[in-house]
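These notes concern the structure reproduced below.
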Amino acid sequence: MNITIHPPAEEVDLAELAAEQRARITRNTDTTNDIYHNRQTGHKHRVNRAGVFWGCLLAGPFFFGIIGEWDHALSSVGFAVITIGALRLQAELKRLLDRGSR
Numbered sequence: 176m177n178i179t180i181h182p183p184a185e186e187v188d189l190a191e192l193a194a195e196q197r198a199r200i201t202r203n204t205d206t207t208n209d210i211y212h213n214r215q216t217g218h219k220h221r222v223n224r225a226g227v228f229w230g231c232l233l234a235g236p237f238f239f240g241i242i243g244e245w246d247h248a249l250s251s252v253g254f255a256v257i258t259i260g261a262l263r264l265q266a267e268l269k270r271l272l273d274r275g276s277r
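Numbering (the numbering used here), first residue to last: 176 to 277.
Below, the structure written as structure tokens:
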């Protein structure tokens with residue numbers, strides 16, 4: 176019985192490999208845009224965070240209504256109302272706190 180041990184084809188630096196993988200999945204957080212890299216096609220997509228947020232929030236109920244998912248459409252409307260209400264409340268509280276600190 177012969178057992179042969181093959182040496183690795185090339186030495187792999189684990190720190191370098193980890194840094195490369197981190198760089199692949201890291202998003203650009205310095206701007207309001209996110210960069211997504213599709214590894215299968217190699218395409219890179221720059222996506223505006225605010226646009227995606229508002230698009231999903233406002234177009235979601237219409238999308239679910241068109242495809243006939245009425246439960247999802249109603250829950251999307253509910254989440255939109257809650258989210259917009261929370262954003263308005265946050266803005267009002269900020270305005271009151273700014274006025275009170277003067």
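A virtual CB, placed ideally from N, CA and C, is assigned to each residue, including glycine.
*Assign A261 to buried or exposed, taking buried as 16 or more other Cβ atoms, counted over all protein chains shown, within 10 Å of its Cβ.*
exposed
*Whole-angstrom distance between A190 and H247, CA atom to CA atom*: 45 Å
*Residue(s) in a DSSP beta bridge with R257*: Here the sequence assigns Ile to residue 257, which means Arg is not the residue at that position. Answer is none; I257 lacks a bridge partner.
*Within 10 angstroms of its Cβ, does S251 collect 16 or more other Cβ (buried), or is it exposed?*
buried
_Unbroken alpha helix (DSSP H) run spanning R224, endpoints_ = 224–241
*Could you tell me which residues DSSP pairs with K219 in its beta bridges?*
H212
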